[in-house]
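J.: Residue numbers (the working numbering): 3 to 458.
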Amino acid sequence: MADESETFSNPMEENSNCIGDVSFTTFNILAPIYKRLNGECCESEFKEYWLSRNKCILDGLLHLKSSIMCLQEFWIGNEELVGMYECRLSDAGYATYKLARTNNRGDGLLTAVHRNHFRVLNYKELLFNDFCDRVAQLLHVELIMNFSQNKIVNVEKEAVIVNTHLLFPHNSRYCFPRLQQVYKILQYIESYCEEYQLPPVPIILCGDWNGSKMGHVYKFLRSQGFVSSYDIAHHYTKWVSHRNHRGNICGVDFIWLYNPNNHRRPLKESFMEAILGNIKNHLQDHGSYITYSQFLHAFSQLGLTSHPFNILSAEEVKELWDHVDTNGDGVIEFSLLNLQSAGNSQAFSQQKRSSDEPKHRGTRGIMSNNSTTIGFKIKNAVLFPPEVKEGLWPENYSLSDHAHLTVEFSPVTMQSTKQFASRINESEETSTGNRIWKQWLVDIDTVTAQQVGEHS
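1) Which parts of the region 59-116 are runs of the alpha helix (DSSP H), unbroken and 4 residues or longer, counting only runs that do not cross its ends?
2) Which complete alpha helix (DSSP H) runs does the region 116-201 hold, if anything under 4 residues is left out?
3) So the candidates are G217, Q189, L64 and E45; which of them puts its Cα closest to the Cα of N80?
4) Give a yes or no on contact between the region 257-264 and the region 224-231, applying the rule of three or more CB pairs nearer than 8 Å.
5) How is R267 classed by DSSP in three states: helix, strand or coil?
6) With DSSP collapsed to three states, give me the class of P204.
7) Output the distance between the C-alpha atoms of G22 and I146, rounded to the nearest integer angstrom.
8) Just tell me which of K270, N212 and P268 has its CA closest to the CA of N250.
9) Where does F133 land, buried or exposed, given buried means 16+ other C-beta within 10 angstroms?
10) Out of H65, Y36, V162 and H142, state which residue places its alpha-carbon closest to the alpha-carbon of G110.
11) By how many angstroms is the C-alpha of F29 removed from the C-alpha of K391?
12) Using 10 angstroms around the beta-carbon of S174, count the other beta-carbons present and answer buried if the total reaches 16, otherwise exposed.
13) How far does the alpha helix (DSSP H) with L322 in it reach, from first residue to last?
14) Hey, which unbroken runs of the alpha helix (DSSP H) at 4 residues or more fall wholly within the region 222-271?
15) State yes or no: is the C-beta of T408 within less than 9 Å of the C-beta of F386?
16) So, with DSSP's three-state summary, where would you put M416?
17) Are the beta-carbon atoms belonging to T27 and L60 less than 9 Å from one another?
18) Name the DSSP bridge partner or partners of N283?
19) Would you check if there are 3 or more beta carbon pairs closer than 8 Å linking the region 155-174 to the region 191-210?
20) Mind checking T239: buried by the 16 CB within 10 Å criterion, or exposed?
21) Measuring only the C-alpha atoms, how far is H119 from D210?
22) On the CB-based measure, 16 or more other CB atoms within 10 Å of its CB, does R245 come out buried or exposed?
23) So does the region 45-57 actually touch the region 263-273, counting three or more Cβ pairs closer than 8 Å?
24) Does DSSP put I380 in a helix, a strand or coil?
25) If we cut at 9 Å on Cβ distances, does A405 have a partner in chain C?
26) Just to confirm, is the Cβ distance from L112 to M86 under 9 Å?
27) With a threshold of 16 other CB atoms inside 10 Å of the CB of S356, please say whether the residue is buried or exposed.
28) Out of Q296, Y176, C208 and H247, state which residue places its alpha-carbon closest to the alpha-carbon of H218.
29) With DSSP as the reference, label F29 as helix, strand or coil.
30) Classify Y399 as helix, strand or coil using the three-state DSSP reduction.
31) Is it buried or exposed, E271, if we count other Cβ atoms within 10 angstroms and call 16 or more buried?
32) Provide the residue span of the alpha helix (DSSP H) that contains Y36, from first to last.
33) If you draw a straight line from the C-alpha of S290 to the C-alpha of F301, how long is it?
34) Near L322, what residues of its chain come up, given a Cβ to Cβ distance below 8 Å and the 5 sequence neighbours on each side ignored?
35) Cα separation between N280 and G305?
So this is what it looks like as structure tokens:
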């Protein structure tokens, strides 16, 4: 049973003096159907246990008074628990949105938006429809804030918020479907912004990403212009946020920020290069040179073109091969694979643009020289319980097997004079982006299957 004295402190109370600041909390609250008592029975079998623990969780969340709360492993299958959360959150001024995982898994996501801070303009549900039944929520919101004190008129105050819970990396092969889940999220955001003709808006991704800073998902999101809010606010290299079912502690809970003035690489190109960087580890036994048949066989062996993952079609594998086989002789030198995948992106982009993109591409929105939009500046970020920032897991912490992360943002105005396309022009690539990719491909060689388990 949860210790009722185990309450949250509000990390923002002492430092928050700006009325306009907003805060986000992400928390995997450990569904009672997954919480084991003494390694045997599930907590869901004992109402007094799960009810007491979730009352404590709610007390703490309401004390935080975050603008938006994103919860994972929310026990949607229990009407009493759902009713308790919805009632108390509504009484505190929150609008709630819940989404169950597919195939009656029992748990899902809950996102709560405080009505005094954000207005929800639209709500969408993304069902991955994959073998692990994962889902994501997308909320298109508008900040309730007046910038008149800055004498700025017509400030776009919209943002896109996502809540999700990615697949656990049971072994090294699971990095591929995890990357695909993130790719689907970013694809969906891109399509949504284009369909609704959104101007450039900040994007905040919250959730349990089931992977650490050493992992491929982290580096993929970095290549797309997102930053980890906690890592920007602090420089703790040892922080953790989860003790998994194997007993390993790791940092997996993130609030990612993308500001509309950031450069972003073409999404499909980044995804294909992420896959390429990962497949490299499975081609090392083929000697100095690799043929197309060996390349295709590696994808097939990993299940990437068939059951269970179905990540890529045969056409996409061929497209990826053409990307690295620059002279078209049907053979690539293994030692040059890193260099080709990291340094040949411009040629790949030009090839893609000439082959299957129209001359006039649709845009996500056009900002004139006088247009202004909001972005977010990371003001503070706090993990609870506090011991986890030093890489320690307190044995007396029983609310969940995850810490919660709260990030405070200061809204800022951003001036932009460029056209935001649904895919950023390749000429806008920065040297920083190239460095991230080259470092990624170096880092991948050091990530073994054991490390994937340790940083689940």
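For every residue, glycine included, the Cβ atom is placed at its ideal position computed from N, Cα and C.
T.: So, to answer that:
1) 81-93
2) With a minimum length of 4 residues, the continuous alpha helix (DSSP H) runs that stay inside the region 116-201 are 177-197.
3) For the purposes of this step, residue 80 is identified with residue 78 of the sequence shown, where counting begins at 1. Minimum Cα distance to N80 is reached at E45.
4) yes
5) Your numbering for residue 267 matches position 265 in the sequence shown. Three-state result, R267: coil.
6) Taking the first residue of the sequence shown as position 1, residue 204 is located at position 202. Note: P204 maps to coil in three-state DSSP.
7) Taking the sequence shown and counting its residues from 1, one reaches residue 22 at position 20. Taking the sequence shown and counting its residues from 1, one reaches residue 146 at position 144. C-alpha separation (whole angstroms): 9 Å.
8) In the sequence shown, residue 250 corresponds to position 248, counting from 1. Minimum Cα distance to N250 is reached at N212.
9) As a first step, residue 133 is located in the sequence shown; it is residue number 131 there, counting from the start. The residue is exposed, with fewer than 16 neighbouring Cβ atoms inside 10 Å.
10) Within the sequence shown, residue 110 is the residue found at index 108, counting from 1. It is Y36 whose Cα lies nearest to the Cα of G110.
11) Taking the sequence shown and counting its residues from 1, the one referred to as residue 391 is at position 389. Taking the sequence shown and counting its residues from 1, the one referred to as residue 29 is at position 27. So the alpha carbons of these two residues sit roughly 15 Å apart.
12) Here residue 174 is taken as the residue at index 172 of the sequence shown, counted from 1. So S174 counts as buried.
13) Translated into the one-based positions of the sequence shown, residue 322 becomes position 320. Taken as a continuous stretch (DSSP letters only), the alpha helix (DSSP H) holding L322 covers A316 to V326.
14) 231-235
15) Taking the sequence shown and counting its residues from 1, one reaches residue 408 at position 406. Taking the sequence shown and counting its residues from 1, one reaches residue 386 at position 384. Result yes, Cβ atoms of T408 and F386 sit closer than 9 Å.
16) Here the question's residue 416 lines up with position 414 in the sequence shown. Strand.
17) Walking along the sequence shown from the start, residue 27 turns up at place 25. Walking along the sequence shown from the start, residue 60 turns up at place 58. It is not a contact, given that the beta carbons lie outside the stated cut-off.
18) Residue mapping note: residue 283 aligns to position 281 of the sequence shown, counting from 1. DSSP output for N283 lists no bridge partner at all.
19) Cβ pair count under 8 Å is three or more, so yes.
20) Your numbering for residue 239 matches position 237 in the sequence shown. If you draw a 10 Å sphere on the C-beta of T239, you find fewer than 16 other C-beta atoms in it, and that means exposed.
21) Start at 1 with the first residue of the sequence shown, and residue 119 comes out as number 117. Start at 1 with the first residue of the sequence shown, and residue 210 comes out as number 208. Each residue's alpha carbon lies about 24 Å from the other.
22) Counting from 1 along the sequence shown, the entry for residue 245 is found at position 243. R245 comes out buried.
23) no
24) Counting from 1 along the sequence shown, the entry for residue 380 is found at position 378. DSSP places I380 within a strand segment (E or B) once states are collapsed to three.
25) Included in the structure is just one protein chain, with no chain C present.
26) On the sequence shown, residue 112 is found 110 positions in, with the first residue counted as 1. On the sequence shown, residue 86 is found 84 positions in, with the first residue counted as 1. In this structure, M86 does not lie closer than 9 Å to L112 by Cβ.
27) One-based indexing of the sequence shown puts residue 356 at position 354. Summary for S356: the model assigns pLDDT 43, below 50, so the residue's position carries little reliability, and this model does not support an answer.
28) Looking up residue 218 in the sequence shown gives position 216. That would be Y176, whose Cα lies nearest to the Cα of H218.
29) What you label residue 29 is simply residue 27 of the sequence shown in a count that begins at 1. In the structure shown, F29 sits in a strand (DSSP, three-state: E or B).
30) Locating residue 399 in the sequence shown gives position 397, counting from the first residue. The answer is coil: DSSP assigns Y399 none of H, G, I, E or B.
31) Counting from 1 along the sequence shown, the entry for residue 271 is found at position 269. Classification of E271: buried, given that the 10 Å Cβ count is 16 or more.
32) As a first step, residue 36 is located in the sequence shown; it is residue number 34 there, counting from the start. Unbroken run through Y36: none, as it is neither H nor E.
33) Along the sequence shown, one-based indexing puts residue 290 at 288. Along the sequence shown, one-based indexing puts residue 301 at 299. Taking the straight line from one Cα to the other gives about 19 Å.
34) Looking up residue 322 in the sequence shown gives position 320. Taken in chain order, the residues that qualify are M274, I277, L278 and L314.
35) Taking the first residue of the sequence shown as position 1, residue 280 is located at position 278. Taking the first residue of the sequence shown as position 1, residue 305 is located at position 303. The straight-line gap from Cα to Cα measures roughly 14 Å.
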